[in-house]
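Chains as they are written, first to last, in this note's numbering: chain A, 178 to 639; chain B, 161 to 256. These notes concern the structure reproduced below.
Here it is, written out as structure tokens:
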């Protein structure tokens, strides 16, 4: 066996460790081990590369690794759990950017055979990596609120994007056929970077879970393309694992909103429709029953089961620790308390689970939608905290509602619904929520954190 | 061997299936760590970056490789570390 064979075998070991590592993510108990296995796999791949023929400029490598590690460590240790969607968006972007750069570096060597697998892969790596890079930066800016979360739309937007997309495909073909033509390649990279921006700006903040999942997938596919550029099967395997992962999450997110992916990407959902708002504002609104935290505590004091439905509003108000205190207070009184987690609650898949885990809520109390829905009719109190569209009964019954058909948490089936909300303002979709006007709904208006703490205090008195 | 498009596609398609099967088993509870962890894995592109930057003669390619190393290392180190941090927070109910 030659040295090259050993290096390739090391990549195979790395790929196997990634698969086993991901497999370990099937349970919270084994997940930390899975993550460590994947990290070991990465270390093996890196060391094997450093030992392979032709890799000699160690000072250059060391410089890059030190800078990158320093930034990575600082980001990973300092980031707030509420900001995890931004963090993942940023990481996606760096991954995609790195792949595009590797493809470019390979092209600049000028040794690529026209029309070969590597020449096609270079074009694909550049376009996927480029779109992932700037698309992720825009997603980051929206999530970090550096720019407005609302969809940015203008007339003819889809037409312009379509033309640019076709242009990018044409340039891809040109680069594949003639990989020495730097002009075509530069055009391709530029167009990919622009497309990343123009494809993400029309997508609203609440659709970010889908966008991040999709960009996650792209970052994997870009790595995959790099594998074809370098003729490295380890990269192809690892990249496609990530590609598949992102695709699955994208599908789960779209299913959970009952919208096809094309609608999320091109529908500009959440663009404020002024006429619709004017129409609702003019109409007569039914009255709601407003209560205080003290009233809420009295309701809880006679309950034996409670389900909390957290939404993005809980994260915005930083109320997760207050909610944990409420859970402790309720459990101390013998009220069985659990959390119902909708797949699209928060700004990325699984976001609510991480926030509640950080607040020391045991993960056995975090129940997914399909498992908890049958239990609402047997539940005394359903507490809706910063969630809106995911508990809107119109999704089940009102065929003309924009969210009709979206699977929701059936909180209205509980004996008593309690909604903590700042005001009656509709959610991101601009849709009114009939849940607020039901006979068994009590509204407690106020900041999520202060209100929950108020209930905890009041519970001590009753 | 990846120069043969058939071999390349075989590996790609089979890995996508393996990925789909393995990742379908990940519960929604862990979807955020799954994203950050799989993200770190996509940093495998660092292999290509090391090759580009590590070449004996320094050219434009090497500098692109250098920037790629910085990006990919952020991805790898940041991704695995933040995933580890998150997973450490997931605790089962207190046995007591």
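In this text, a Cβ means the ideal position worked out from N, Cα and C, and glycines have one as well.
Fill in: CB contact check: residue 228/B to chain A, cutoff 8 Å
Taking the second chain and counting its residues from 1, one reaches residue 228/B at position 68. Interface residue, yes.
Fill in: Inter-residue spacing [alpha-carbon to alpha-carbon] between residue 227/B and residue 281/A
Here residue 227/B corresponds to residue number 67 of the second chain, with the count starting at 1. Here residue 281/A corresponds to residue number 104 of the first chain, with the count starting at 1. The alpha-carbon of residue 227/B is positioned some 11 Å away from that of residue 281/A.
Fill in: Cβ pair count under 8 Å reaching 3, the stretch 401-419 of chain A against the stretch 196-206 of chain B
yes
Discussion item. I need the boundaries of the beta strand (DSSP E) containing residue 562/A, first residue and last residue.
Written reply: Walking along the first chain from the start, residue 562/A turns up at place 385. It spans 558-562 - the beta strand (DSSP E) in which residue 562/A sits, taken as one unbroken run.
Fill in: Endpoints, the alpha helix (DSSP H) within which residue 360/A is located
Taking the first chain and counting its residues from 1, one reaches residue 360/A at position 183. Run containing residue 360/A: 359-377, per the alpha helix (DSSP H) assignment.
Worksheet item: Do residue 317/A and residue 273/A have their C-beta atoms closer together than 8 Å?
Response: For this step, residue 317/A is matched to residue 140 along the first chain. For this step, residue 273/A is matched to residue 96 along the first chain. Their beta carbons are not under 8 Å apart, which means residue 317/A does not touch residue 273/A by this criterion.
Worksheet item: Between which two residues does the beta strand (DSSP E) harbouring residue 483/A extend?
Response: As a working mapping, residue 483/A is identified with position 306 in the first chain. Here the beta strand (DSSP E) through residue 483/A covers 482-487.
Practice prompt. Following the continuous beta strand (DSSP E) through residue 544/A, name the residue where it begins and the one where it ends.
Written response: Translated into the one-based positions of the first chain, residue 544/A becomes position 367. 543-545 is the extent of the beta strand (DSSP E) around residue 544/A.
Worksheet entry | CB contact below 8 Å: residue 587/A versus chain B | Taking the first chain and counting its residues from 1, one reaches residue 587/A at position 410. No, no contact with chain B.
Worksheet entry | 8 Å contact criterion, which residue 539/A and residue 252/B should meet: CB distance rounded | Taking the first chain and counting its residues from 1, the one referred to as residue 539/A is at position 362. Taking the second chain and counting its residues from 1, the one referred to as residue 252/B is at position 92. Rounded, the Cβ-Cβ distance is 6 Å, consistent with contact.
Worksheet item: By how many angstroms is the C-alpha of residue 566/A removed from the C-alpha of residue 458/A?
Response: For this step, residue 458/A is matched to residue 281 along the first chain. For this step, residue 566/A is matched to residue 389 along the first chain. Model confidence at residue 458/A stands at a pLDDT of 46, short of 50, so the residue's coordinates are unreliable and nothing is read from them.
Worksheet item: Just checking, does the stretch 231-250 of chain A make contact with the stretch 283-293 of chain A on the three C-beta pairs under 8 Å criterion?
Response: no
Worksheet item: So is residue 166/B in contact with chain A if we call contact Cβ pairs under 8 Å?
Response: Numbered from 1 along the second chain, position 6 holds the residue referred to as residue 166/B. Judged by the 8 Å Cβ criterion, residue 166/B is not in contact with chain A.
Worksheet item: What is the DSSP secondary structure of residue 518/A, counted as helix, strand or coil?
Response: Translated into the one-based positions of the first chain, residue 518/A becomes position 341. In this structure, residue 518/A counts as strand in the three-state DSSP scheme.
Practice prompt. Report all residues from its chain with a CB closer than 8 Å to the CB of residue 243/B; omit the five preceding and five following residues, and keep chain order.
Written response: Position 83 of the second chain, counted from the first residue, corresponds to residue 243/B. Sequence-distant Cβ neighbours of residue 243/B in its own chain, meaning closer than 8 Å and more than five residues away, are 193, 196, 197, 200.
Worksheet entry | Distance between residue 584/A and residue 185/A (C-alpha atoms, nearest Å) | Stepping through the first chain from its first residue, residue 185/A is reached at position 8. Stepping through the first chain from its first residue, residue 584/A is reached at position 407. Rounded to the nearest angstrom, the two C-alpha atoms are 46 Å apart.
Fill in: Distance between residue 440/A and residue 582/A (C-alpha atoms, nearest Å)
The sequence position of residue 582/A within the first chain is 405, counting from 1. The sequence position of residue 440/A within the first chain is 263, counting from 1. Roughly 14 Å separates the two Cα atoms.
Worksheet item: Do residue 500/A and residue 629/A have their CB atoms nearer than 8 Å?
Response: Looking up residue 500/A in the first chain gives position 323. Looking up residue 629/A in the first chain gives position 452. For residue 500/A and residue 629/A, yes; Cβs fall inside 8 Å.
Worksheet item: Between which two residues does the alpha helix (DSSP H) carrying residue 427/A extend?
Response: Here residue 427/A corresponds to residue number 250 of the first chain, with the count starting at 1. From DSSP, the alpha helix (DSSP H) with residue 427/A extends over 410-434.
Item to complete: Identify whether residue 513/A lies in helix, strand or coil by the three-state DSSP scheme.
Response: Numbered from 1 along the first chain, position 336 holds the residue referred to as residue 513/A. The answer is strand: DSSP assigns residue 513/A an E or B state.
Worksheet entry | Alpha carbon of residue 430/A to alpha carbon of residue 423/A, nearest angstrom | Here residue 430/A refers to the residue found at position 253 when the first chain is read from its first residue. Here residue 423/A refers to the residue found at position 246 when the first chain is read from its first residue. Between residue 430/A and residue 423/A, the C-alpha separation is close to 11 Å.
Worksheet item: Going by beta carbon distance, what residues of the same chain come within less than 7 Å of residue 613/A, once the five residues before and after it are set aside?
Response: As a working note, residue 613/A is residue 436 in the first chain. Counting only Cβ-Cβ distances below 7 Å, and skipping sequence neighbours, we find 465, 596, 601, 620.
Worksheet item: In whole angstroms, what is the alpha-carbon distance linking residue 230/A and residue 183/A?
Response: Here residue 230/A corresponds to residue number 53 of the first chain, with the count starting at 1. Here residue 183/A corresponds to residue number 6 of the first chain, with the count starting at 1. Rounded to the nearest angstrom, the two C-alpha atoms are 11 Å apart.
Discussion item. Would you say residue 286/A lies against chain B (beta-carbon separation less than 8 Å)?
Written reply: Against the first chain, residue 286/A aligns to sequence position 109. Yes, contact with chain B.
Worksheet item: Quick one: which chain B residues come within Cβ less than 7 Å of residue 261/A?
Response: In the first chain, the residue the question calls residue 261/A occupies position 84. Per Cβ cutoff of 7 Å: 192.
Discussion item. Can you give me the C-alpha to C-alpha distance between residue 229/B and residue 209/B, rounded to a whole angstrom?
Written reply: The count along the second chain starts at 1 and reaches residue 229/B at position 69. The count along the second chain starts at 1 and reaches residue 209/B at position 49. When rounded, the distance between both Cα atoms is 5 Å.
Worksheet item: Near residue 287/A, what residues of its chain come up, given a Cβ to Cβ distance below 8 Å and the 5 sequence neighbours on each side ignored?
Response: Mapped onto the first chain, residue 287/A falls at position 110. Hits under 8 Å: 357.
Worksheet entry | For residue 216/A, the nearest candidate out of 278/A, 198/A, 518/A (CA to CA) | As a position in the first chain, residue 216/A is number 39, starting the count at 1. Of 278/A, 198/A, 518/A, the residue nearest in Cα terms is 198/A.
Worksheet item: Of the residues that make up the stretch 517-534 of chain A, which ones have a beta carbon closer than 8 Å to any beta carbon in chain B?
Response: Cβ contacts with chain B come from 518, 520, 525, 526, 527, 528, 530, 531, 534.
Worksheet entry | Beta-bridge partners of residue 596/A, as assigned by DSSP | Looking up residue 596/A in the first chain gives position 419. 561/A, 620/A.
Worksheet item: Taking the continuous alpha helix (DSSP H) assigned at residue 206/B, which residues delimit it?
Response: Stepping through the second chain from its first residue, residue 206/B is reached at position 46. Looking at the DSSP string, the run of the alpha helix (DSSP H) that includes residue 206/B is 206-213.
Worksheet item: The alpha helix (DSSP H) spanning residue 530/A covers which residue range?
Response: By one-based count along the first chain, residue 530/A stands at place 353. Looking at the DSSP string, the run of the alpha helix (DSSP H) that includes residue 530/A is 528-535.
Item to complete: Say whether the stretch 375-395 of chain A touches the stretch 262-272 of chain A, bearing in mind that this needs 3 or more beta-carbon pairs closer than 8 Å, one atom from each stretch.
Response: yes
Item to complete: Report yes or no: do three or more beta-carbon pairs, one from the stretch 374-384 of chain A and one from the stretch 329-339 of chain A, lie closer than 8 Å?
Response: yes
Worksheet entry | Contact set between the stretch 179-213 of chain A and chain B, restricted to residues whose Cβ is under 7 Å from the partner | 195, 196, 199, 200, 202, 203, 205, 208, 209, 212
Discussion item. Using the three-state DSSP reduction, which class does residue 581/A fall into: helix, strand or coil?
Written reply: One-based indexing of the first chain puts residue 581/A at position 404. Note: residue 581/A maps to coil in three-state DSSP.
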